[in-house]
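Accompanying notes for the structure given below.
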């Protein structure tokens with residue numbers, strides 16, 4: 122083992138984080154450019170006309186279609202699956218033509234496989250009035266050469282590159298990639314109900330399949346809710362701070378568990394950041410969950426609303442985290458197909474937490490990502506958000522208090 126370490130080979134995989142859509146897709150450009158044999162991916166949206174950003178990618182062409190065509194020319198096999206509700210068969214065919222048109226005649230050696238895929242439970246809702254919300258595959262996920270994993274909240278679009286949005290994309294190498302490859306190979310059969318999900322380790326999944334028997338009437342049946350289960354596990358352990366960014370929070374189970382933990386851990390503080398919502402919104406399941414949290418945490422909670430989007434990440438006591446495509450809604454935790462990665466202290470969770478926080482709070486000391494201290498509790502978050510509201514600030518990156 123020591124000889125391997127000296128040679129630069131380490132058992133522990135590397136994890137990299139990218140906090141905007143532009144950063145994420147620029148990093149993935151490099152991964153695709155380095156591909157030697159295959160790129161296997163599932164995206165809920167993909168625009169081949171989206172511009173590339175890095176100098177290396179621009180040598181292949183101006184767009185992602187050019188980049189994929191160059192990969193085919195190098196002999197890289199491309200197997201890309203798209204959520205059918207986002208990319209129809211007609212758009213898939215147009216995408217195929219875009220990529221093939223950019224491939225140099227007589228030089229294409231890789232195999233191009235493009236598929237539009239609907240969640241099988243969509244065709245099994247016999248009584249629409251009783252069924253769950255239509256179920257979809259919401260993965261934005263790729264495995265390259267069986268060695269590198271890419272996981273993002275958002276698919277590729279020209280707007281996401283030109284006008285960057287808040288995201289947390291993860292590029293990981295090491296043992297977790299084997300789990301990612303297994304997910305790619307099995308999720309179609311698992312969601313169809315013809316296979317069972319294997320055990321979860323670091324890669325957490327949400328799977329559902331068409332209901333059986335009387336459950337068929339209600340649409341999808343949850344068969345893996347590992348993202349939710351991991352949250353429950355880490356909530357039980359947390360004693361100092363929980364930091365959550367999520368697109369939606371309407372899970373009564375998580376709200377109740379957080380409320381119970383607030384009572385049993387009197388020093389625990391909660392920072393919860395949600396997207397901006399229209400003023401005067403009606404009382405919703407999310408509002409009921411937030412009311413429960415306020416009642417339990419009192420002054421130990423900050424709930425913020427942000428324009429310009431938020432990502433899906435939860436950080437517990439500054440050393441464990443969960444990041445991925447799933448928000449903390451009942452749909453994402455139980456029905457849509459999602460993936461998330463469980464992050465440990467060795468994955469740089471503390472530095473990640475600093476970067477996430479500084480997006481909203483700024484870095485007045487100018488100390489940089491690796492040196493700046495964590496903010497001192499929810500009171501500081503509350504003061505920053507209150508100052509933003511008082512000053513009339515708005516726009517991406519501006520945090521306002523929940524009313």
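In this note's numbering, the protein residues as written are 122 to 524.
Backbone N, C-alpha and C define an ideal beta-carbon position, used for all residues, glycine too.
All values reported here derive from a predicted model rather than from experimental measurement.
Between residue i and residue j, which are expected to be in contact by the criterion C-beta below 8 Å, what is the C-beta distance as a whole number of angstroms?
i           : j           : result
residue 328 : residue 318 : 6 Å
residue 217 : residue 238 : That belief does not hold up - the Cβ atoms of residue 217 and residue 238 are roughly 15 Å apart, past 8 Å.
residue 521 : residue 426 : 5 Å
residue 279 : residue 171 : 4 Å
residue 443 : residue 352 : 6 Å
If you follow the alpha helix (DSSP H) that residue i is part of, which residue opens it and which one closes it?
i           : result
residue 329 : No alpha helix (DSSP H) contains residue 329, which is instead part of the beta strand (DSSP E) from 324 to 331.
residue 521 : From DSSP, residue 521 is part of no alpha helix (DSSP H) but of the beta strand (DSSP E) over 520 to 522.
residue 345 : That residue, residue 345, is in no alpha helix (DSSP H); its beta strand (DSSP E) goes 341 to 346.
Would you mind working out which of the options sits nearest residue i, comparing C-alpha positions?
i           : options            : result
residue 202 : 375, 212, 477      : 212
residue 323 : 358, 282, 270      : 270
residue 291 : 256, 393, 432      : 432
residue 516 : 279, 341, 429, 197 : 429
residue 178 : 196, 150, 163      : 150
residue 199 : 207, 206, 190, 370 : 190
residue 354 : 524, 375, 153, 265 : 375
residue 265 : 280, 160, 184, 242 : 160
residue 169 : 358, 221, 140      : 221
residue 451 : 444, 368, 153, 472 : 368
residue 435 : 411, 453, 464, 413 : 464
residue 347 : 449, 146, 289, 287 : 449
Using the three-state DSSP reduction, which class does residue i fall into: helix, strand or coil?
i           : result
residue 287 : strand
residue 352 : helix
residue 155 : coil
residue 296 : coil
residue 179 : helix
residue 240 : coil
residue 200 : strand
residue 501 : helix
residue 368 : coil
residue 473 : helix
residue 542 : What the structure shows of the chain is the stretch from 122 to 524, and residue 542 is not part of that stretch, so it cannot be assessed.
residue 171 : coil
residue 490 : In this prediction, residue 490 scores a pLDDT of 47, lower than 50, which makes its location untrustworthy; the coordinate-derived value is nonetheless stated afterwards. In this structure, residue 490 counts as coil in the three-state DSSP scheme.
residue 234 : strand
residue 275 : coil
Would you call residue i buried or exposed, if buried means 16 or more other Cβ atoms sit within 10 Å of its Cβ?
i           : result
residue 490 : Model confidence at residue 490 stands at a pLDDT of 47, short of 50, so the residue's coordinates are unreliable; what they give is reported in the following sentence. Under this definition residue 490 is an exposed residue.
residue 360 : exposed
residue 381 : exposed
residue 409 : exposed
residue 518 : exposed
residue 226 : exposed
residue 230 : exposed
residue 180 : exposed
residue 358 : exposed
residue 478 : buried
residue 524 : exposed
residue 259 : buried
residue 506 : buried
Just reading off the beta strand (DSSP E) that residue i is part of, what are its end residues?
i           : result
residue 445 : 441 to 445
residue 418 : Not the beta strand (DSSP E): residue 418 falls in the alpha helix (DSSP H), residues 406 to 418.
residue 393 : 390 to 396
residue 432 : Per DSSP, residue 432 belongs to no beta strand (DSSP E) and is neither H nor E.
residue 526 : With the chain covering 122 to 524 only, the question about residue 526 has no answer from this structure.
residue 321 : Unbroken run through residue 321: none, as it is neither H nor E.
Just checking residue i against the ligand HEM - is the residue's beta carbon closer than 7 Å to any of the ligand's heavy atoms?
i           : result
residue 376 : Summarising the ligand content, the structure contains no ligands, and the ligand HEM is consequently not present.
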